[in-house]
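In this note's numbering, the protein residues as written are 4 to 363.
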């Protein structure tokens, strides 16, 4: 698969002013080489691929990326790259400005003053947006594990447990049922904390009747899942049910509408219109969804600020929400595969406004 991906990248490089592209973004590096280490610079030109990294990763490169030429870093990475650049005779190099610190860029320029540097914009990310069959299989498994973890915690949760305890229970379940790690720190937000879209679990005990938002996901074979469910514990009042049903209506409408070629702005507008028409115009401040793959947030995007369209084969979250300070929030999130004429919903966790029985 990496050879096919490199071939696609080389078609892009051939049309650019740079002779080679330096790749430092971790997921991009893995996507193109198979190397999963957290340090290294991948250099791709029209015919060859090099990976500069230090002693800690030499053997890992040989095992994970046998077709890549290892550049052994024994001093600084900038000096090792400079030696390669002079050996190959490069004069113009592309780089990923979003994945290079100012300090590192300065070191490169100092070590290679003869080089013209060309910043690129999401070159590899554009390739990653459309998932291959093996990538989809890994994502489906990551989704399955998250679904099971949510089902487990819904049965396990009782009044008096803290947000932090619930988050830990979800993490333990996923790690002991096939997950490599979490996609991101699990969000468990009860009561007023649910008004914060990215709340951090604390020691607040969850009470009967509390609205609860749980947002979690895991990684399987490098690929992420993302799942949110909202519900009340034990009892729910009419206000909560009205808000929950509005969010569900917005989500289902978006999932019905999403298809390949649709713009991210158009997809977002389907859900946003329903929420705004229900009177919550200032209560849905984030976008409808984002791509998921090797990274938890990647292309494509569905939001009021999104650029471009949703390509067939991309994987997207659909996660509208309503957030009311002092009260709480509701967010419901699935993952879907964008297809011609529609989308395939991957997430299977039930959507319920109420769980458990009231207990004290």
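Heads up, the beta-carbon is just placed ideally off N, CA and C, and yes, glycines get one too.
Since the model is a prediction, treat every value here as computed from it, not as a measurement.
Under a three-way DSSP split, which group does residue i fall into?
i	result
residue 197	helix
residue 267	helix
residue 120	strand
residue 138	helix
residue 348	strand
residue 100	helix
residue 223	strand
residue 335	coil
residue 228	coil
residue 109	helix
residue 292	strand
residue 211	coil
residue 45	strand
residue 57	strand
residue 238	coil
residue 95	strand
residue 362	Unreliable placement is indicated for residue 362, whose pLDDT of 41 sits below 50; the coordinate value is still reported in the next sentence. Residue 362: coil per DSSP, three-state reduction.
residue 179	coil
residue 203	coil
residue 80	helix
residue 283	coil
residue 355	coil
residue 308	coil
residue 87	helix
residue 68	coil
residue 275	helix
residue 298	coil
residue 149	helix
So, using beta-carbon positions, are residue i and residue j closer together than 8 Å?
i	j	result
residue 320	residue 336	yes
residue 54	residue 65	no
residue 167	residue 208	no
residue 253	residue 215	no
residue 197	residue 282	no
residue 356	residue 176	no
residue 126	residue 95	no
residue 39	residue 67	yes
residue 226	residue 118	no
Compare the Cα-Cα distances from residue i to each of the options and report the closest residue.
i	options	result
residue 147	222, 273, 12	222
residue 131	326, 100, 314	314
residue 201	87, 334, 56, 70	334
residue 92	23, 79, 61	23
residue 260	346, 164, 133	346
residue 152	230, 5, 286	230
Starting from residue i and walking both ways along the alpha helix (DSSP H), at which residues does that stretch end?
i	result
residue 241	241–260
residue 5	5–17
residue 34	29–36
Looking only at its own chain, which residues have a Cβ that is under 8 Å from the Cβ of residue i, when we skip the five neighbours before and after it?
i	result
residue 272	307
residue 84	25, 44, 46, 55, 74, 111, 114, 115
residue 199	192, 326, 332
residue 12	24, 35, 47, 126, 127, 130
Under DSSP, the beta strand (DSSP E) around residue i begins and ends at which residues?
i	result
residue 302	301–305
residue 75	72–76
residue 133	Neither: residue 133 is in no beta strand (DSSP E) and is coded neither H nor E.
residue 23	23–26
residue 320	318–321
So, for residue i: in the same chain, excluding its five sequence neighbours on each side, which residues have a beta-carbon less than 6 Å away from its beta-carbon?
i	result
residue 110	81
residue 71	36, 52, 54
residue 309	267, 268
In chain order, what residues of the same chain lie with their CB nearer than 7 Å to the CB of residue i, ignoring the 5 residues before and after it?
i	result
residue 265	312, 313
residue 206	165, 167
residue 186	220, 221, 222, 227, 228, 229, 299
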